[in-house]
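J.: Pasting in a structure now, in structure tokens, and then I'll have a few things to ask.
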Amino acid sequence: MEYYQLGCIDQARHIIESKIPHLKWAKQIAEGLVFIHSKGVIHCNLRSPNILVTDTLDVVLADFASSSMDGARVSNVYNKTRYRLPSFDEYKYESYQYTIQDDIFAFGSVIYSLVTAEDPYQERTDEEVIKLYTAGTFPDTSGWPIGAVTTKRWRDEYSDAAEVLEDIR
């Protein structure tokens, strides 16, 4: 196993500061999702702490302990509200059937976090976030190079990670 001294993208942000390659990292995360999804793996817990930064400032997906293989139910996953589809029922999470849409939605929140250095709606309670997400109300990403792509991820406008990758390119 390799060791990445820069840590996750949140930790690396404080080290490399203004040199954060947002677009490059978004593309690499999308490529990682395309790869794992092609192997029948759903990450199920995609968020900033689970994306590591290499010494060459590339990113790699990490922490597959909660991942699902070939659609198997996963009972030990409880991703943060801001990284979950609004249809996720926290009271039935042990029987929740994860899909690639969960990873794609979470990817939108990862990019938001990457660009802003905070979780989506960080100042809101989980209950407020669920209501906003359910109503289709997401943080403003207009003006970002990949803002439209981020919003499309949240609005479930992609069928797979390959479509996301194509839009990023």
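Residue numbers (the numbering used here): 326 to 494.
C-beta: ideal position from N, C-alpha, C; glycine also.
#1: If you follow the beta strand (DSSP E) that Leu490 is in, where does it begin and where does it stop?
#2: Please confirm whether Tyr446 and Thr466 have their CB atoms less than 9 Å apart.
#3: Please report the straight-line C-alpha distance between Glu520 and Trp469, rounded to a whole angstrom.
#4: So Ile334 is in the alpha helix (DSSP H); what residue range does that whole segment cover?
#5: When DSSP labels each residue in this structure, what does Ser393 get in the three-state scheme?
#6: Could you give the DSSP three-state label for Leu386: helix, strand or coil?
#7: Where do the N-terminal and C-terminal ends of the beta strand (DSSP E) with Ile376 fall, by residue?
#8: Please list, in chain order, all residues of the same chain as Pro464 whose beta carbon is under 7 Å from its beta carbon, the five residues on each side excluded.
#9: For Trp350, collect the residues of the same chain with a Cβ closer than 6 Å to its Cβ; drop the 5 residues on either side in sequence, then sort them by chain order.
T.: For this structure:
#1: On the sequence shown, position 165 is the one that residue 490 refers to. Run containing Leu490: none in the beta strand (DSSP E); it sits in the alpha helix (DSSP H), Ala486 to Ile493.
#2: On the sequence shown, residue 446 is found 121 positions in, with the first residue counted as 1. On the sequence shown, residue 466 is found 141 positions in, with the first residue counted as 1. At the C-beta level, Tyr446 and Thr466 stay beyond 9 Å of one another.
#3: The shown model of the chain, from 326 to 494, leaves out residue 520, and the question about it has no answer.
#4: Numbered from its first residue, the sequence shown carries residue 334 at position 9. Ile334 -> alpha helix (DSSP H) spans Ile334 to Ile341.
#5: The residue you call residue 393 lines up with position 68 of the sequence shown. Strand.
#6: Within the sequence shown, residue 386 is the residue found at index 61, counting from 1. Here Leu386 sits in strand by DSSP.
#7: Your numbering for residue 376 matches position 51 in the sequence shown. Looking at the DSSP string, the run of the beta strand (DSSP E) that includes Ile376 is Ile376 to Val378.
#8: The residue you call residue 464 lines up with position 139 of the sequence shown. Tyr437, Pro445 and Tyr446.
#9: By 1-based counting over the sequence shown, the position of residue 350 is 25. Answer for Trp350: Val384, listed in chain order.
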